[in-house]
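The structure appears right after this line, and notes come after that.
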Amino acid sequence: MKKFICLLLVLSMLFGITGCSSAPEETIKDSEPIEGETGSSEIDETKEASDTLTIAVASDITSLDPHVGKEVAAVVVTNNIYATLLTLDENGEVAPYVAESWNVVDDKTIDFKIREDITFHDGSKLTAEDVAFSLNRAIESKYISYIINYASNAEVIDEYNVRLHLNAPYVGSLINLTVPFTAIVPKAVVEANENALIEKPIGCGPYEFVEWEHGNYCKIKAYDGYFMDKAKTENIIFRIIPEGAQRTIALETGEVDLVYDLPVNELSIVKDNENLQLYSTPSLNTWYISMNNDKEPLSDIRVRQAIRYSINAQEIIDSILYGAGEVANSIVPPAATGYVEGVPAYEQDIEKAKQLLADAGYPDGLNLSLAVAEDTTRVAVCQVIQNQLAKAGINVKIDIYDSSTYYDHANKGEFDLAFYFWICAAGHADYQYYSLLHSSQKGPGGNRSFYDNDKADAYIEAARNTLDTKVSLENYKKLEEIVYEESPNAILCYTNLNVGASRKVDGFVMQPAGYHNLETVVVYK
């Protein structure tokens with residue numbers, strides 16, 4: 014929690030000085046959210062540790078290439094295989110990692126000195142060529158460019174020095190380089206085969222890839238040549254268990270040591286078991302329903318507004334999250350720097366929704382599909398929304414997909430409605446606004462509502478290309494006025510991040526983005 018709070022303070026200073034199952038039948042409105050610890054990297058060196066840590070995850074990996082697979086299911090693994098140019102220290106401050114130092118030459122130029130003792134997992138030496146290649150590849154990636162395309166290009170100065178050229182001043186220019194999507198990859202490997210890292214990643218992080226059996230597990234092992242302290246546990250196995258209750262049972266029986274994405278209806282089970290421990294922290298996560306603005310009838314603003322007026326987000330929080338959440342009024346979470354205070358949230362008004370549908374030419378209602386990736390909690394949310402929309406005459410068919418199929422389907426706009434959650438990994442508002450609302454990010458970039466509005470684009474660009482916080486916030490306020498009216502997405506709620514663990518686990522620290530670092534984690538015998 015200290016790290017999380019410090020991160021937000023750092024972001025605030027940057028922003029201010031220089032310019033992120035079935036649904037339960039009963040609602041539980043009066044229940045108190047169950048709280049857990051945030052963890053510590055400290056371990057007991059006197060205890061004997063196992064050589065293997067097993068983690069249960071909800072979804073299969075989408076890609077092991079960091080510039081392609083940005084979904085949580087992928088990043089929880091790749092974050093431990095690759096390394097980024099910069100990182101966050103224990104106080105949440107931007108710190109050296111692959112780069113041992115940096116120099117802000119001017120508001121559009123940053124120089125980085127690269128460490129000379131780093132090797133990739135294939136034994137090859139990391140140089141400025143790999144760094145510049147990786148940053149330029151990330152800038153051009155249709156999947157993750159939004160995190161770094163504030164820069165025009167990276168230039169090699171010499172063997173261990175790189176210069177990053179910015180398009181304009183940008184408040185997140187350093188902290189964005191700590192996000193896992195900007196990881197450094199081996200130039201020679203990717204130039205030989207552009208798709209090489211999707212199935213067999215080669216990074217320079219604390220763990221190297223061993224094996225990925227699709228839909229079953231992924232194995233990694235500690236890298237002996239890691240340029241920092243070697244990871245505490247030799248082997249890590251990520252087991253893919255889509256059903257939430259089954260993940261908890263696996264934890265109770267000792268089949269797994271950690272459970273990511275612990276369903277809220279399982280929290281009390283973990284909390285009340287003396288052999289288990291619960292980690293929990295406020296996340297940087299926003300849940301929302303994306304509405305495909307490119308397709309009829311969702312191209313009609315009145316239909317989109319009708320959907321928003323049909324939804325009761327508090328009911329979702331009470332019935333699915335057991336009260337552990339907050340109704341969202343913006344795509345940006347309150348913990349992010351640049352969050353706009355006072356933005357109104359849509360309140361459920363079924364009669365108004367029906368009238369809007371009638372005005373749009375659908376007095377008898379309409380039929381839509383709602384896509385969701387396979388996961389107990391997410392499907393339960395969609396079932397609640399399905400029931401709510403039915404009251405306004407909107408009949409919804411829920412389509413459930415495995416993760417890789419789901420995102421491929423969504424990136425091509427082959428849906429009506431789709432359930433998403435988006436983690437504000439960089440901790441500032443531009444990370445959400447640009448990726449989810451800017452027209453240049455349609456599809457793989459994150460804008461899966463295919464929203465396209467010139468004024469919205471202009472406000473987003475004006476807010477991100479300045480170091481003046483007042484200018485940014487004023488543009489965000491104007492942007493929120495447009496988004497409230499046009500409703501490209503139906504914003505639902507902000508959630509907590511929960512992880513269950515065996516009491517034998519030590520050295521685990523919660524990360525608000527959900528991309529947990531595992532090199533300090535041990536499992537005692």
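For the sequence shown, my numbering assigns the number 14 to the initial residue and increments by one for each residue that follows.
The beta carbon of each residue, even a glycine, is placed where N, CA and C say it ideally should be.
Note that this is a predicted model, so its numbers are computed, not measured.
My output table needs one value for residue i: the three-state DSSP class, helix, strand or coil.
i      : result
Gln318 : helix
Lys538 : coil
Cys437 : coil
Val518 : strand
Ala389 : It is worth fixing the name first, because residue 389 is Thr in this sequence and not Ala. Looking at Thr389 - three-state DSSP - the assignment turns out to be helix.
Ser448 : helix
Tyr419 : helix
Tyr159 : helix
Gln290 : strand
Asp242 : coil
Cys217 : coil
Asn466 : coil
Lys308 : coil
Lys234 : strand
Arg260 : helix
Leu179 : strand
Is the distance from the Cβ of residue i to the Cβ of residue j below 8 Å?
i      : j      : result
Ala319 : Ala403 : no
Leu187 : Val107 : yes
Gly185 : Ala439 : yes
Tyr352 : Ile68  : no
Val345 : Ala442 : yes
Leu369 : Tyr301 : no
Gly520 : Thr508 : no
Ser72  : Asp421 : no
Asn342 : Ser462 : no
Leu66  : Val512 : no
Val397 : Ile333 : yes
Tyr528 : Val88  : yes
Gln454 : Tyr173 : no
Ala62  : Lys232 : no
Ala196 : Ala96  : yes
Going straight from the alpha carbon of residue i to that of residue j, what length do you get?
i      : j      : result
His134 : Met523 : 26 Å
Leu280 : Asn460 : 32 Å
Lys60  : His80  : 39 Å
Asp415 : Lys425 : 16 Å
Glu113 : Leu98  : 9 Å
Leu291 : Phe194 : 28 Å
Pro37  : Thr51  : Residue confidence for Pro37 is low, a pLDDT of 35 falling below 50, so the modelled location carries little weight; the figure read from the coordinates is stated next. Each residue's Cα considered, the two are about 28 Å apart.
Asn466 : Ala476 : 16 Å
Asp377 : Glu212 : 49 Å
Val283 : Lys517 : 14 Å
Leu383 : Ala349 : 28 Å
Ile127 : Glu268 : 41 Å
Leu381 : Gly105 : 44 Å
Asn162 : Thr479 : 15 Å
Asn530 : Val385 : 28 Å
Asp313 : Cys395 : 22 Å
Asp78  : Ala371 : 47 Å
Glu474 : Asn288 : 51 Å
Asp242 : Leu271 : 23 Å
Which word fits residue i, buried or exposed, when buried means at least 16 other C-beta atoms lie within 10 angstroms of its C-beta?
i      : result
Ser259 : A small fix is needed here, since residue 259 is Gln in this sequence, not Ser. Gln259 is exposed by the Cβ-count criterion.
His178 : exposed
Asp43  : With a pLDDT of only 40 at Asp43, under 50, the local geometry of the prediction cannot be trusted, and the value read off the model is given with reservation. Exposed: under 16 other Cβ atoms inside 10 Å.
Glu84  : buried
Gly374 : exposed
Glu226 : exposed
Ser53  : exposed
Thr91  : buried
Ala86  : buried
Lys15  : Here Lys15 scores only 39 on pLDDT, less than 50, and its place in the model should not be relied on; the value that follows carries that caveat. So Lys15 counts as exposed.
Ala514 : buried
Gly136 : exposed
Lys138 : exposed
Pro501 : buried
Lys367 : buried
Pro214 : buried
Who are the near neighbours of residue i in its chain, counting only those whose CB is closer than 7 Å to its CB and skipping five residues on each side?
i      : result
Glu204 : none
Ala526 : Leu297, Ile436 and Ala438
Lys200 : Glu142, Asp143 and Phe146
Leu311 : Met304, Asn305, Arg317 and Asp429
Val11  : As displayed, the chain neither begins before 14 nor continues past 538, which places residue 11 out of reach and without an answer.
Say the cut is 7 Å; is the CB of residue i nearer than that to a heavy atom of the ligand FAD?
i      : result
Leu187 : In the structure shown, the ligand FAD is absent, as is every other ligand, since no ligand is present at all.
Might you give, ordered along the chain, the residues of its own chain that have their beta carbon closer than 6 Å to the beta carbon of residue i, omitting 5 neighbours on each side?
i      : result
Gln361 : Asn325
Ile330 : Gly338 and Cys506
Gly456 : Asn424
Can you list, in chain order, the residues of its chain with a C-beta nearer than 8 Å to that of residue i? Leave out the 5 residues immediately preceding and following it.
i     : result
Gly82 : Ile74, Thr75, Ser76, Val88, Thr91, Tyr156 and Ile211
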